[in-house]
Amino acid sequence: MGGLPPEQKAAALESLGGPEEAAARSPARAGGELPPLAGAIDGQVVLRMAPFPSGGLHIGSARMIFVNDYYRKRYHGKLLLVFDDTIGSEEKRIDLALFDVILHDLEIAGATPDAVYYKSDRIPMFYPWARRVIEKGGAYVCRCPAELLRENRVKELACPERAQSIGETLDEWEKMLGGTYAQGEAVLRLRTDLHDPDPAFRDRVLFRISELDHPRVGRRYRVWPLLEFSWAVDDIELGITHVIRGKDLVMEDRMQEHLWALLGLKGPPFLHWGLLRLREAKISKSKSYLEVKSGQYDGWADPRTWSIASLDRRGISAEAMRKFTLSFGLSLADIEVPAETLYSENRAIVDATTLRRAFVEDPVRVDVREYPAELGRISLANHPDHPELGRREVVAGPSFYLPRADLLRFAGTEIRLKDLANIELPIGAGSEAGPVSAPFTSRENRKIPRLQWVGAEGAVPVDLLGLEGEHRQGLAEQALAEARPRDIYQFERVGFVRVEGDWRAGASPIRVVFGHP
RNA sequence: GCUCCCGUAGUCUAGUCCGGUCAAGGAUAUCGGGCCUUCGACCCGACAACGUGGGUUCAAAUCCCGCCGGGAGCACCA
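In this note's numbering, the protein residues as written are 11 to 527.
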């Protein structure tokens, strides 16, 4: 509020409850705890999330979700979901299907809201508030074309309408509401200070006319509030006690405070977080939108979107996402974190309970000569460190499938079929289409490369969806046939995978999604 | 250009408000070793940081000023 005149500054400060209430924002403590919320009273905290329905929630939205949800739970408060679906713009369209997508994403994250609101249902409520602002002399109806308005803002020039009396503004406002003006012909603007050092703050637009068709309410309204105004009202109307949102909205804090000061109200304090990006997720929400819409991507859960839904599909637990996100606290710095950090968090959660299975990509049949008959069937632990997870019977040789890439890599050397026996791979193994014949050498457990294998008998086809959207074909051991949708397994020497949620148990191939190493 | 914000190891982060307990803690990555018949887990060890210049002070990551670097806003978008 550096540029505010002293009296307004005092008022804004008052509305914040004084400087000592400027909230906590130092990041996570040792136990994954965030600092306390300034002024929070147990049982009375009300928070809100306000996504714009233009895409599925991505990892960047994770901060909105988990930070708000964290404080809700910590203070036994309420968390509201308020779809910020005012009319938007030509470039920023609302997609009806996305409301449900977002709701589902929040469910995945374990942050189901206590109540759901739609801005588009609340439009008439904003009009009387606009009137109050006008009556305080805080706004005027400006009829400059958008471009001129912008130019004048930069030049710190006033439009002729700025001199309007309250009565004139009221008349003009009624004309706006009454349909006298078409889209783009008039807006309601806030009177701030034309010489405010921050050009972004000079006489912002509060309401504009839009003739766009709204997917929920059609053309019921022509005069739409802009985000800052609608929140100045709704943060009061909905009884929000703390606003925690992205730092892209810091300037809006000042707008809301200005409005509150004008109306003699005290609003909630604001907290912000900086931008969070996964290094691997180069794609933006709007780009994803196009790919999803055009069918290039397999919906909002396509691994290439790096959306919350896609991470869930890959078997990354909500708990891992939560810990990962909370570890950054409310730092204002924009950060780019390698996905590996998230993977590590997930491993810590799922590793101990995840069954191991053998999967062979691009399988090549290997027939072992002089294979010991007693090794036709063996019993293997489901998890090397957790015997309580049981064992499974595996049909072994004498015929196996091995990954072509491993065959090529180890051709001409002795390798060990993991947990089983050693064989000598012939020179040139894997470079041709047909089966490979390899001699058994010994059962001795030596320090030679150990490869996962699948017994030729009973092998089940698997379709593995990779992170680039590619489908990799392979075979898995028979025990994978017990899989149910959404089960998580670790394919040894490959990584963690999750069975597709829409896969029908028993169908072939078994469809799984790659999670992470 | 103007406004605001941010700057601790490769990457995140604790510490900064209230200067000494910080010759800077944790996570992740990397490297080395151990162990388990996975490229996964676990155990041990190592590497590695206060953007920069000045000032205040007995004492500065912490306070002040300049500079440099990064980000966001300057929409009739959210």
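Built from N, CA and C at the ideal position, the CB exists for glycine as well.
Please read these numbers as outputs of a predicted model, since none were measured by experiment.
> Quick one: complete alpha helix (DSSP H) runs, 4+ long, within the segment 257-339?
Replying inline: With a minimum length of 4 residues, the continuous alpha helix (DSSP H) runs that stay inside the segment 257-339 are 260-273, 295-303, 318-323, 328-336.
Notebook entry, point to check: By Cβ distance, which residues of its chain are closer than 6 Å to E384, with the 5 residues on each side in sequence left out?
Noted result: Within its own chain, no residue has a Cβ closer than 6 Å to the Cβ of E384 once the five positions on either side in sequence are excluded.
Using 10 angstroms around the beta-carbon of S298, count the other beta-carbons present and answer buried if the total reaches 16, otherwise exposed.
With 16 or more other Cβ atoms within 10 Å, it is buried.
For G87, does the three-state DSSP call read helix, strand or coil?
In the structure shown, G87 sits in coil (DSSP, three-state: anything other than H, G, I, E or B).
(Q) Only counting the same chain, and skipping five residues up and downstream in sequence, which positions put a Cβ closer than 7 Å to that of K295? (A) Cβ neighbours of K295 beyond the five flanking positions: S64, G65, H68.
Enumerate in chain order the residues of its own chain whose CB-to-CB distance from A168 is below 8 Å, with the five nearest sequence positions on each side excluded.
Same-chain partners within the cutoff: N162, L204.
Going by DSSP, what residue range makes up the beta strand (DSSP E) through A156?
Note, A156: premise wrong, no beta strand (DSSP E); alpha helix (DSSP H) at 156-165.
Note to self: Our contact map puts L90 next to P123 with C-beta atoms below 8 Å; I'd like the distance itself, whole angstroms only.
What the structure shows: Sure, about 6 Å apart at Cβ, within 8 Å.
Query - Of the listed residues R496, R508, R375, nearest to E442 (C-alpha basis) - result: Of the candidates R496, R508, R375, R375 places its Cα closest to the Cα of E442.
query = Roughly how far, in whole angstroms, is the beta-carbon of L461 from the beta-carbon of I425, given that I think they are within contact range, below 8 Å?
reply = Yes, L461 and I425 are in contact; Cβ-Cβ is about 6 Å, under 8 Å.
- Message: Measuring straight from C-alpha to C-alpha, what distance separates A528 and L281?
- Response: Coverage of the chain is limited to positions 11 through 527, which leaves residue 528 absent and any answer about it impossible.
Discussion item. Any heavy atom of the ligand FAD inside 8 Å of the beta-carbon of G120?
Written reply: With respect to small molecules bound, the structure shown includes none, and the ligand FAD cannot be examined in it.
(message) According to DSSP, C152 sits in a beta bridge with which residue or residues?
(response) Answer by DSSP bridge pairing, in chain order: V197.
ask   = Contact check, A72 vs L340 under 8 Å by CB: the rounded distance?
value = Not really, about 13 Å apart at Cβ, beyond 8 Å.
Q. Between Y499, S99, D263, V405, which lies nearest to R8 when the distance is taken from Cα to Cα?
A. Here the chain covers residues 11 to 527 and nothing more, so residue 8 does not appear.
Notebook entry, point to check: H481 lies in the beta strand (DSSP E); which residues open and close that run?
Noted result: From DSSP, the beta strand (DSSP E) with H481 extends over 481-486.
Hey, how far is the Cα of P527 from the Cα of V77?
Linking P527 to V77 through their CA atoms gives a straight-line distance of about 27 Å.
>> Less than 9 Å between the beta carbons of I250 and V56, yes or no?
In response: Pairing I250 with V56 gives a Cβ-Cβ distance under 9 Å.
If distances are taken between C-alpha atoms only, which option among V404, Y128, L269, Y191 comes closest to G468? Nearest of V404, Y128, L269, Y191 to G468, Cα basis: V404.
Problem set entry | Local conformation of P397 per DSSP, three classes | Secondary structure of P397 (DSSP, three-state): helix.
(Q) Between which residues of its own chain and R482 is the CB-CB distance below 7 Å, once the five residues before and five after are set aside? (A) Within its own chain, the residues whose Cβ lies closer than 7 Å to the Cβ of R482, once the five positions on either side in sequence are excluded, are E371, L474, G476, listed in chain order.
Distance, Cα to Cα, K229 vs L352? First, the amino acid is wrong: residue 229 is Arg here, not Lys. A straight line joining the alpha-carbon of R229 with that of L352 spans about 44 Å.
Problem - Residue interval of the beta strand (DSSP E) (run including E350) - result: Secondary structure note for E350: it is in no beta strand (DSSP E), and the uninterrupted alpha helix (DSSP H) holding it is 349-360.
- Message: Taking the beta carbon of V302 as the centre, do at least 16 other beta carbons fall within 10 Å, making it buried, or is it exposed?
- Response: Buried: at least 16 other Cβ atoms inside 10 Å.
Check your understanding: So is K165 buried or exposed if we call it buried at 16+ other beta carbons inside 10 Å?
Key -> With fewer than 16 other CB atoms across the displayed protein chains lying within 10 angstroms of its CB, K165 is exposed.
For the pair the segment 112-119 and the segment 216-224, tell me if three or more CB-CB distances fall below 8 Å.
With contact defined as three or more Cβ pairs closer than 8 Å, the segment 112-119 and the segment 216-224 are not in contact.
Q: Pick helix, strand or coil for G177, following the three-state DSSP scheme.
A: In this structure, DSSP gives G177 a helical state, which the three-state scheme calls helix.
### Query
Which of helix, strand or coil does DSSP assign to S99?
Note: S99 maps to coil in three-state DSSP.
Quiz item: For the alpha helix (DSSP H) that R414 lies in, which residues bound it at each end?
Solution: Note, R414: alpha helix (DSSP H), 414-420.
Grouping DSSP H, G and I as helix and E and B as strand, with all else coil, what is V111?
The answer is helix: DSSP assigns V111 an H, G or I state.
| task | Please name the residue, chosen from E502, V504, R503, A491, that lies closest to R521 on a Cα-to-Cα basis. | result | Closest by alpha carbon: A491.
Q. Where do the ends of the beta strand (DSSP E) carrying S447 lie?
A. Taken as a continuous stretch (DSSP letters only), the beta strand (DSSP E) holding S447 covers 446-452.
Taking the alpha-carbon of F524 as reference, which of A517, V504, W513 has the nearest alpha-carbon? Comparing Cα-Cα distances from F524 to each of A517, V504, W513, the minimum goes to V504.
### Query
Considering only the beta carbon of each residue, do M265 and F211 sit closer than 9 Å?
Yes, they are a contact pair.
DSSP on S71, reduced to helix/strand/coil?
In the structure shown, the three-state DSSP call for S71 is helix.
Problem set entry | Under the three-state DSSP convention, the category S240 falls into | In this structure, S240 counts as helix in the three-state DSSP scheme.
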